[in-house]
Amino acid sequence: MLMGVLVGVLCTVAAVAAALLFYRRMKQQNILAAARKAVEQGGISSVEEVVLGGVRQRVLIQTRRPATPVLLVLHGGPGMPVPGVGCREADWVFNLCTRRLLEQYTVVFWDQRGTGASWSRDIDPHSMHVEQHVEDAAQLVEWLTARFGTEKLTLCGISWGSLLGLKLAARCPQKLDAYFGLAQIVDWTGSDKEAYTWLLQEAKMHGHNKALRELERMGPPPYTLNLANWNQLRKWLMLLGGFIYNGGETKHPGMAAAFRLLLSSPDYSLGNLIRMFTRGMKLSYSPQTLRDMDAFNASIEIPRLEIPATFIHGRLDRVISGRLLEQYVDRLDSPQGKSLHWLERSAHMFCPDDARLVEELLLAGVNPTWSANTKNMAY
């Protein structure tokens, strides 16, 4: 009887695996067909390799109209390339939408060092730190401006990518038209401390004893070299609604959509996916990277920007503090203009409707007129 149960379980597992592989194959064919159609109509849809900081890395370049302004998007994480190379022909990519962007921009998604299609066993673990990522990004900007024959491009950073993006915007303003910070990090440790306090309140309010026990056992941040506690904090932010908001008329596809997108990508092998969540994550969360993140404080490091800056934040985001961001924008010296836009229906990962609004703001920046400083603009 036990043997019969075991055979049944194995058959079920095999059937599920076969169904997933069939789904993956069908989705890949659809994505590649859409990419071919875009190219046949004069657009670009290609994954290209570029050496940055001595390491071969990959970028996805997409546009429906070549010769449009270049938009470089720095993904979140670290270690989770969304949006990255795996987002070919996708529209909603978590914190922004791209369907109309591809008509007005040449959009570039980059799998950062050690992440996704840019993972390699030859990467020196000691190179995994914030300054190396920023240097890689600066070299990518140089490569893109030469590749497309333009003097400047527009930069967009998302979450972890916003930490890199803000540093890059301050470092090479002569190469950038404008900066967009989505779920902008300004003080990682400060945000973690606020997140911890919020989680304690939520756990007590809803009688979530398991969360309360784990949080009290961890104690408050910083978790500079304690990756287990760092991950536990984010686990409870996900489970208790600080990462993704679902409520009222807002229906968020959730993290399952991220995994489906990565699984169906024709630009990731199954080996890419396995490494992404095993060796890639371990490489990305190096001790030095954690120290760099904990030490980052934009108010001290980057009090001034020489290019127009737009910040877009979910009002319900408990991962990255909106209060600290608002204080930073208030104090930021930005002679070319600055603005802060609130998305009322989103937490850290924007819902599709709000991501569409982000697309509108980026489209308005193609030929921007930056004359006034604004904030508290709700959508």
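Using full-length UniProt numbering, read the sequence shown as starting at 1 and increasing by one per residue. Quick reminder that beta carbons are idealized off the backbone N, C-alpha and C, glycines included.
Looking only at its chain, what residues have a beta carbon closer than 7 Å to the beta carbon of residue i, apart from the 5 residues adjacent to it on each side?
i             : result
aspartate 111 : Gln57, Arg58, Pro81, Gly84, Val85, Ala117, Ser118
alanine 138   : Leu168, Arg171, Cys172
proline 368   : With a pLDDT of only 46 at proline 368, under 50, the local geometry of the prediction cannot be trusted, and no value is derived from it.
In the DSSP assignment, find the alpha helix (DSSP H) that holds residue i and state where it starts and stops.
i                 : result
arginine 213      : 209-218
phenylalanine 296 : No alpha helix (DSSP H) holds phenylalanine 296; DSSP gives it neither H nor E.
valine 134        : 130-148
leucine 166       : 160-171
valine 82         : Counting along the chain, valine 82 falls outside any alpha helix (DSSP H), and DSSP gives it neither H nor E.
Considering only residues of the same chain and omitting the five flanking positions on each side of residue i, which have a CB-CB separation below 6 Å?
i              : result
tryptophan 230 : Tyr223
glutamine 184  : Ser162, Phe311, Leu325
leucine 102    : Gln62, Thr63, Arg64
leucine 361    : none
Starting from residue i and walking both ways along the beta strand (DSSP E), at which residues does that stretch end?
i              : result
serine 339     : 338-343
leucine 176    : 176-182
asparagine 274 : A quick correction: the sequence has isoleucine, not asparagine, at residue 274. Looking at the DSSP string, isoleucine 274 is not in any beta strand (DSSP E); the run it does join, the alpha helix (DSSP H), is 270-275.
valine 70      : 70-74
aspartate 111  : 106-111
Report the CB separation of residue i from residue j in whole angstroms; it is logged as a contact under 8 Å.
i             : j                 : result
leucine 153   : leucine 163       : Going by Cβ atoms, the distance from leucine 153 to leucine 163 rounds to 19 Å, so no, they are not a contact pair.
leucine 166   : alanine 295       : With a Cβ gap of about 14 Å, leucine 166 and alanine 295 do not count as contacting.
histidine 129 : phenylalanine 243 : About 25 Å separates the two Cβ atoms, so there is no contact after all.
May I have the straight-line CA-CA distance separating residue i from residue j, to the nearest angstrom?
i                 : j              : result
alanine 364       : arginine 213   : 47 Å
glutamate 48      : glutamate 359  : 24 Å
glutamate 194     : threonine 98   : 32 Å
leucine 233       : serine 321     : 14 Å
proline 125       : glutamate 249  : 45 Å
arginine 279      : proline 253    : 27 Å
leucine 261       : proline 221    : 33 Å
valine 141        : lysine 175     : 7 Å
tyrosine 268      : proline 303    : 39 Å
phenylalanine 109 : histidine 341  : 23 Å
leucine 200       : asparagine 209 : 10 Å
Since residue i sits in a beta bridge, which residues does DSSP pair it with?
i             : result
threonine 63  : Ile44
histidine 313 : Trp342
aspartate 333 : Arg304
residue 393   : Past the boundaries of the shown model lies residue 393; the chain is included only from 1 to 379, so the question cannot be answered.
tryptophan 92 : Cys97
Leaving aside the five residues before and after residue i along the sequence, list all residues of the same chain whose C-beta is less than 8 Å from its C-beta, in chain order.
i             : result
isoleucine 44 : Ala38, Ile61, Gln62, Thr63, Pro66, Thr106
glutamine 132 : Gly53, Arg113
leucine 239   : Ala211
arginine 24   : Leu263, Ser264
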